Amino acid sequence: MVLPKAGTSAAAPSGDDAIQMNFGLDQARALLCGSGGAVNMAAASVDRHVAAGAGAHTALVCIGRHEERRSVSYAELAEMSDRAAAMLRGLGTRPGDVVAVLLGRGLDLYVAALGAWKVGAVFCPLFTSFGPGPLRSRLELAGARVLIAAEGAYQRKVAAYRDALAGLEHVLVIPEGESCEDGLADFRALIAAAPPAGAPAVTAAADPAFLHFTSGTTGTPKGAVHGHGAVLSHLATGRQVFGLSPDDVYWCTAEPGWITSTAYGLVAPLVAGCTVVVDEAGFDPRRWYDILKDERVSVWYTTPTCIRMMMRFGAALARSYRTNSLRLAASVGEPLSADAAHWGERTLGVPFLDTWWQTETGAIAIANRPSGAKPGSMGLPLPGIEAAVVTRQGKGVAAAADGVGELALKADLPSLFTAYVGDPERTRAAFADGWYLTGDLVRRDEDGYFWFVGRADDMIKTAAQTVGPFELESALLEHPAVAEIGVVGRPDPLVREVPVAFVALNPGFEEGEALRAELLTFARQELGAAIAPRDIHFVETMPKTSTGKILRRELKARAASEPADESGVVPPCPGHFDDE
């Protein structure tokens with residue numbers, strides 16, 4: 001069937017002079033693609049700038065935990081990633097092999113990603129905040145052949161089951177001291193000893209480049225695979241949304257396990273030739289304002305949770321810093337409230353602009369622009385993106401009749417995921433009639449702007465991370481006290497939702513504060529503090545449907561009736577889970 005195209009972006013509203021709404025995918029292909037449409041993400045992001053004579057331009061400004069600062073030029077980054085590629089080739093890494101990475105923000109992350117792409121391998125970054133259980137399931141699903149990790153994180157979270165990971169042949173670590181423990185290979189030493197590689201692998205747009213995991217409501221996490229062609233969307237959206245150019249100093253605060261870090265912390269700013277700020281430390285408001293001021297950041301990409309945390313420290317603190325270099329600030333990961341958008345304008349001189357996309361879309365699809373923004377809305381589809389509000393009908397879709405429906409995108413985006421790794425059934429279920437079905441419920445107003453209504457499933461959105469209840473429930477079911485469990489999201493004014501668990505106990509266990517504390521500690525150890533349930537509620541019986549399924553809507557209603565957390569404890573800012 002043919003759906004109405006009212007959601008297709010019309011002429012872009014005029015706004016910031018840097019925004020280039022007329023720069024689309026055709027222009028990106030002309031710049032980046034070789035004969036036959038070949039494109040390599042690393043060559044497009046770094047090597048082409050060196051070939052064009054811009055090798056001396058600063059690519060990265062890395063700020064360490066103790067504020068030590070290191071600048072890396074595009075030529076230096078190209079050479080480092082060449083050596084990383086040569087090292088990986090020497091280990092037998094082949095095109096299509098998965099290189100998993102368990103690192104925080106820093107130079108090593110960029111070198112690992114670019115080196116992997118130069119040999120045609122698949123870059124798979126993982127959240128350092130996750131516990132052993134979630135990491136193991138993702139390493140198994142990815143079929144990682146190489147793991148690059150901080151030594152401490154590896155020892156705490158992977159070493160115990162390393163021998164059970166059948167496909168994992170090489171573990172390379174960043175040593176905590178001068179050398180790593182016996183049996184482990186030093187990532188930096190191997191790179192230093194490697195010769196510069198030859199030309200990057202010739203890769204097609206559809207060849208896999210990166211793999212990011214997103215939780216599912218049932219079953220295992222979903223690993224979304226994206227091709228090298230996604231770089232076309234990253235270049236185009238970087239121009240259309242941020243107006244990125246080599247004149248910009250760009251800062252994205254996302255943690256590497258989140259796709260925002262790969263797409264807009266790494267690829268989009270580098271392919272545009274920007275100078276990219278890389279902050280290795282956790283969230284600290286004064287440090288953040290110092291970075292904005294001292295590095296003269298011109299474009300800042302963060303999350304509503306981080307913005308709300310900045311707001312908690314007051315406008316006076318923000319105004320005490322000179323941030324007049326900042327020309328654009330944007331947010332991602334969850335809906336941005338109108339008050340947060342306006343706070344940016346009052347205190348920093350620029351409003352925060354909301355952007356919408358998903359792990360599966362691989363790049364921004366809907367956004368507010370500097371001129372014509374509607375605070376509180378998702379914004380308008382970007383040029384060339386066809387969006388519709390639909391309802392599912394059997395194996396197809398139809399236009400939503402009542403104004404609220406599921407957001408669907410025409411499945412012709414080069415950044416769109418190609419498959420959920422090892423899961424053809426869930427891959428097929430994500431598409432219908434040539435549309436990708438996002439799972440987000442939205443409405444569209446008379447001006448074509450989209451507004452977020454909710455999720456069409458039971459996913460929990462906490463601090464910009466999307467967490468599936470099944471994974472959290474499975475971890476807690478390992479505790480001998482737990483007979484049944486249902487995990488839902490409870491509304492939270494800071495991080496939108498926090499996971500809370502409703503637990504029915506096995507015989508022989510008594511509910512009480514001691515057991516509640518034990519279960520919460522168990523959950524944090526298994527899952528990591530970032531996604532573990534924040535509270536435990538004991539129930540005699542679990543509410544269920546006639547077919548035995550847990551009535552999550554009833555649990556959500558109970559959770560929503562609780563008062564908001566007024567403990568004063570500030571949860572981790574997304575992208576700033578401090579694991580060290």
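Quick note: the sequence shown uses the numbering used here, first residue 1, plus one each step. Just so you know, even glycine gets a beta-carbon here, dropped at the ideal spot from N, CA and C. Since this is a predicted model, take the numbers as computed values, not measurements.
Contact set for residue i: own chain, Cβ-Cβ below 6 Å, skip 5 residues either direction
{"i": "residue 210", "result": "123, 226 and 262"}
{"i": "residue 18", "result": "243"}
{"i": "residue 311", "result": "343"}
{"i": "residue 440", "result": "407"}
{"i": "residue 490", "result": "498, 500 and 559"}
Sequence-distant residues of its chain with Cβ nearer than 8 Å to residue i (five each side left out)
{"i": "residue 141", "result": "213, 220, 221, 223, 421 and 422"}
{"i": "residue 108", "result": "148, 174, 187 and 188"}
9 Å Cβ cutoff, residue i in contact with chain D
{"i": "residue 211", "result": "As a matter of chain content, chain D is missing from the structure shown, which is built from one protein chain."}
Straight-line Cα distance separating residue j from residue i
{"i": "residue 90", "j": "residue 97", "result": "14 Å"}
{"i": "residue 546", "j": "residue 554", "result": "Low per-residue confidence applies at residue 546: pLDDT is 48, beneath 50, and the placement is therefore not dependable enough to give any value."}
{"i": "residue 285", "j": "residue 279", "result": "13 Å"}
{"i": "residue 401", "j": "residue 388", "result": "12 Å"}
{"i": "residue 486", "j": "residue 503", "result": "7 Å"}
{"i": "residue 92", "j": "residue 166", "result": "16 Å"}
{"i": "residue 82", "j": "residue 190", "result": "12 Å"}
{"i": "residue 79", "j": "residue 315", "result": "43 Å"}
{"i": "residue 432", "j": "residue 419", "result": "14 Å"}
{"i": "residue 51", "j": "residue 256", "result": "28 Å"}
{"i": "residue 4", "j": "residue 390", "result": "Here the model assigns residue 4 a pLDDT of 35, short of 50, so the residue's position is not dependable, and the following value carries that caveat. Approximately 10 Å, taken between the alpha carbons."}
Where residue i falls: helix, strand or coil (DSSP)
{"i": "residue 395", "result": "coil"}
{"i": "residue 269", "result": "helix"}
{"i": "residue 20", "result": "coil"}
{"i": "residue 116", "result": "helix"}
{"i": "residue 358", "result": "coil"}
{"i": "residue 258", "result": "coil"}
{"i": "residue 312", "result": "helix"}
{"i": "residue 489", "result": "strand"}
{"i": "residue 167", "result": "coil"}
{"i": "residue 332", "result": "coil"}
{"i": "residue 547", "result": "A caution first: residue 547 carries a pLDDT of 46, below 50, which makes its placement in the model unreliable, though a value can still be read off. DSSP places residue 547 in coil when its eight states are reduced to three."}
{"i": "residue 321", "result": "coil"}
{"i": "residue 58", "result": "strand"}
{"i": "residue 130", "result": "coil"}
{"i": "residue 305", "result": "helix"}
{"i": "residue 469", "result": "helix"}
{"i": "residue 215", "result": "coil"}
Proximity winner among the options, relative to residue i (alpha-carbon distances)
{"i": "residue 513", "options": "538, 310 and 498", "result": "538"}
{"i": "residue 345", "options": "177, 104 and 373", "result": "373"}
{"i": "residue 44", "options": "358, 207 and 235", "result": "235"}
{"i": "residue 174", "options": "164, 161, 487 and 192", "result": "192"}
{"i": "residue 651", "options": "78, 456, 495 and 103", "result": "Outside the displayed span of the chain (1 to 580) sits residue 651, for which this structure offers no information."}
{"i": "residue 125", "options": "31, 146, 118 and 133", "result": "146"}
{"i": "residue 152", "options": "177, 164, 411 and 355", "result": "177"}
{"i": "residue 335", "options": "368, 328, 316 and 313", "result": "368"}
{"i": "residue 237", "options": "106, 26, 516 and 59", "result": "26"}
{"i": "residue 300", "options": "288, 314, 287 and 330", "result": "330"}
{"i": "residue 254", "options": "328, 283, 275 and 460", "result": "283"}
{"i": "residue 377", "options": "481, 552, 454 and 383", "result": "454"}
{"i": "residue 535", "options": "478, 492, 105 and 182", "result": "492"}
{"i": "residue 59", "options": "481, 270, 120 and 130", "result": "270"}
Residues near residue i by beta carbon distance below 7 Å, same chain, minus five either side
{"i": "residue 425", "result": "none"}
{"i": "residue 384", "result": "24 and 25"}
{"i": "residue 38", "result": "202, 203 and 204"}
Validate contact between the region 125-141 and the region 63-71 using beta carbons, cut 8 Å, 3 pairs: These segments do not touch.
Inter-stretch contact (C-beta, 8 Å, three-pair minimum) for the region 404-420 and the region 356-363: The region 404-420, when compared against the region 356-363, does touch it at the 8 Å Cβ threshold.
Any 3 or more C-beta pairs closer than 8 Å across the region 319-329 and the region 337-351: They touch, by the three-pair rule.
Cβ contact (3+ pairs, closer than 8 Å) linking the region 469-477 and the region 499-508: Counting C-beta pairs with one atom in each stretch, the region 469-477 and the region 499-508 have three or more that are closer than 8 Å, which means they touch.
Contact between the region 266-280 and the region 105-116 (3+ Cβ pairs under 8 Å): Yes, the region 266-280 is in contact with the region 105-116.
Touch test, the region 242-258 against the region 286-301, Cβ-Cβ under 8 Å, three pairs minimum: Under the Cβ criterion (8 Å, minimum of three pairs), the region 242-258 counts as touching the region 286-301.
Segment contact flag, the region 70-79 with the region 52-59, C-beta cutoff 8 Å, min 3 pairs: Contact between the region 70-79 and the region 52-59 is present, because at least three Cβ pairs lie under 8 Å.
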